[in-house]
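Beneath this line is the structure, given in structure tokens, with notes to follow.
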Amino acid sequence: MSATDPLLAPVKAADHREIGGVGMDVARAGAGRVKRLIYPPGFRWSTHMKAIVGTDLCMHAHVGFLVRGQIHIQYADGCTLEFTAPQVVEIEPGHDGWVVGDEAAVLIEIDFEGDTAGRLGMPPCHTHAVPSRG
Ligand SMILES: [Zn+2]
Numbered sequence: 073m074s075a076t077d078p079l080l081a082p083v084k085a086a087d088h089r090e091i092g093g094v095g096m097d098v099a100r101a102g103a104g105r106v107k108r109l110i111y112p113p114g115f116r117w118s119t120h121m122k123a124i125v126g127t128d129l130c131m132h133a134h135v136g137f138l139v140r141g142q143i144h145i146q147y148a149d150g151c152t153l154e155f156t157a158p159q160v161v162e163i164e165p166g167h168d169g170w171v172v173g174d175e176a177a178v179l180i181e182i183d184f185e186g187d188t189a190g191r192l193g194m195p196p197c198h199t200h201a202v203p204s205r206g
């Protein structure tokens with residue numbers, strides 16, 4: 073990939089951070105935020121992020137669009153999800169996840185900081201207890 077690859081190039085008017093090896097570019101939009109996340113090959117949430125975040129599993133909801141790469145999601149109850157770009161992503165809180173293969177995964181995501189699941193009508197944690205929509 074060239075340095076001018078728009079999926080990897082610096083994002084205008086966004087805050088850039090790097091946490092646990094994940095490159096994050098974040099910009100406010102309406103009541104929420106739009107983010108570009110670059111997960112490097114070999115990244116696994118429980119290995120690289122868990123100690124930083126301090127929860128057993130990732131308790132964020134992820135809604136967005138995987139534009140490059142492949143990710144695998146594992147919920148506490150054993151349910152799994154696999155996403156391969158290009159694919160819309162919907163991940164409920166309460167999961168581990170990792171990059172599959174030797175290519176970085178690039179995810180464009182919308183969030184409402186601490187209230188993403190609530191604002192998007194998703195359960196606060198992955199469960200089969202309540203039938204989901206539709
Ligand atoms: Zn499940």
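Using the working numbering, the letters of the sequence shown map in sequence onto residues 73 to 206. Backbone N, C-alpha and C fix where the C-beta goes; we use that ideal spot for every residue, glycine too.
- Going by DSSP, T152 is part of the beta strand (DSSP E) stretching over 152 to 156.
- Nearest Cα to K107 within the set V125, V98, H167: V98.
- Every residue whose beta carbon comes nearer than 6 Å to a heavy atom of ligand 1 appears here in chain order: Y147, D149, C151, H198, H200.
- Taking V139 as the centre and dropping the five residues before and after it, the same chain places the C-beta of L79, A157, P158, V178, L179, I180 closer than 8 Å to its C-beta, in chain order.
- Here the alpha carbons of L192 and D149 stand approximately 22 Å from one another.
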